[in-house]
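Laid out in structure tokens, this is it:
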């Protein structure tokens, strides 16, 4: 559970680092946006790296860690897209998410 919790929090920060400037930051110089995003991403790395180490030490494969991280990232991005960017959620988003959840399931099938 620490792995999942750390991945959730790290993905919150990474989503902000990558997309914060699309809403209200488009007038800022690109170099400033990059520097701010790097600062946010540094904190994200401080959470993601331990999450992966903890997960790996507890028997998760690298593939399982990556697919779980991507699934978490999509859930968080979906929420960010709707709540912060004001973009609608379509059936296509849900279908794509279902495919990713299928990938997660395939990597965890038979995993004790």
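In full-length UniProt numbering, the protein residues as written are 1 to 112. For every residue, glycine included, the Cβ atom is placed at its ideal position computed from N, Cα and C.
Simplified DSSP state of residue i, which is helix, strand or coil
i	result
residue 93	helix
residue 88	coil
residue 26	coil
residue 58	coil
residue 1	coil
residue 110	coil
Residue i to residue j span [Cα, whole Å]
i	j	result
residue 35	residue 1	32 Å
residue 63	residue 73	15 Å
residue 43	residue 95	31 Å
residue 80	residue 15	8 Å
residue 106	residue 28	43 Å
residue 21	residue 33	7 Å
residue 7	residue 78	16 Å
residue 18	residue 92	22 Å
Proximity to residue i [Cα-Cα], best of the options
i	options	result
residue 109	3, 18, 61	61
residue 69	100, 79, 28	100
residue 3	67, 18, 38, 37	67
Integer Cβ distance of residue i from residue j, believed to fall under 8 Å
i	j	result
residue 71	residue 49	Contact doesn't hold; Cβ gap of about 19 Å is too wide.
residue 47	residue 55	Incorrect: roughly 12 Å between the Cβ atoms, too far for contact.
residue 57	residue 10	That belief does not hold up - the Cβ atoms of residue 57 and residue 10 are roughly 17 Å apart, past 8 Å.
residue 76	residue 12	6 Å
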